[in-house]
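Single-structure report; data block below.
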């Protein structure tokens, strides 16, 4: 076989019902020079037998023993065995469309400044309709089709679907791979790569069918709780070129805004005031920080940065519109983080 152009890292645990189709969708793709490193992460069902059968039929599939140590350990195990210039992710219950790997590799080869690309995604469920919130999230992801757009939105939510990503292997290795901790490992890696100067974006074409289910780790594992996403945001926001060393204004004193503020303060950031529209909050202090009304904002500041942290649907665009009307420039004078 020719050497692989891309190695797919595919951890699997108790996925005997879906893993065959996940692997087959990769093998049927238009890019043939691939290697699929399937990690059986301590399965107690028939997953191992399914993977053994796939490996026996196609030499591009190799099986690694993950010993049930979890997703991050399984990913780093597979990464350590990869030798190709690119590594891609795949979950054991998703389906890649034929051009997924070919288009991803082509994008990375065309732009050396990219550390990785995701693809457009189609959410699906077999038991019930996909929830409106997940449909909205997929639509938001599918709009992040340039490095500039994704960079601007990187603190709103995790901006790439993890199982759709294809990464430059040397960039991931240099960043230390996936980091284990009490936080979402994928969002942490995207922000780390961006912080290290790598561009990222999603391909405009829908090339991944992304399963939504009640068993997803994002719904069952405390590492993916909303509070832990906010902690990751604060970790990189505080050291970003927009924010580092500057006094901050936080727009939003709801639960999300206050949690973000607490984490920012723990990272050494200086939050000097809040902005809020609630009449009972304006003129008060929260944790010793004064709360002002939006009307107090004037011309773009020279020495401070505003973080918009209101999680109510639709408010982000209203804040952008209001600040832009005052002459504020996103990325220079303010950053959206919700």
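In my numbering, the protein residues as written are 2 to 339.
The beta-carbon is built from N, C-alpha and C at its ideal position, and this holds for glycine as well.
- By the criterion of a C-beta distance shorter than 8 Å, residue 229 is surrounded in its chain by 183, 184, 185 and 223, once the five residues flanking it on both sides are discounted.
- By a beta-carbon distance limit of 8 Å, residue 122 does not contact residue 108. Their separation comes to about 16 Å.
- If the five residues before and after residue 162 are omitted, its C-beta is found closer than 7 Å to the C-beta atoms of 119, 122, 142, 209 and 211, all from its own chain and listed in chain order.
- If you look at residue 201, you'll find it isn't in any alpha helix (DSSP H); it sits in the beta strand (DSSP E) that goes 200-212.
- Rounded to the nearest whole angstrom, the C-alpha separation of residue 227 and residue 255 is 14 Å.
- In this structure the region 69-83 does not touch the region 46-53; the number of beta carbon pairs closer than 8 Å is below three.
- Rounded to whole angstroms, the Cβ separation of residue 164 and residue 72 is 11 Å, and the two are not in contact under 8 Å.
- At a Cβ-Cβ threshold of 8 Å, residue 80 and residue 178 count as neighbours.
- When the beta-carbon positions are compared, residue 295 and residue 329 stay at least 8 Å from each other.
- Take residue 170, set aside five residues on each side of it, and the residues of its chain with a beta-carbon closer than 7 Å to its own are 83, 85, 86, 87 and 88, in chain order.
- Per DSSP, residue 290 is one residue of the beta strand (DSSP E) stretching across 290-293.
- The shortest C-alpha to C-alpha distance from residue 116 to any of 194, 293, 268 and 203 is the one to 194.
- Around the Cβ of residue 132, a 10 Å sphere holds fewer than 16 other Cβ atoms; the residue is exposed.
- Separation of the CB atoms of residue 31 and residue 90 is rounded to 18 Å, and the pair is thereby denied contact status at 8 Å.
- In the DSSP assignment, residue 173 falls outside any beta strand (DSSP E) and lies within the alpha helix (DSSP H) extending over 170-175.
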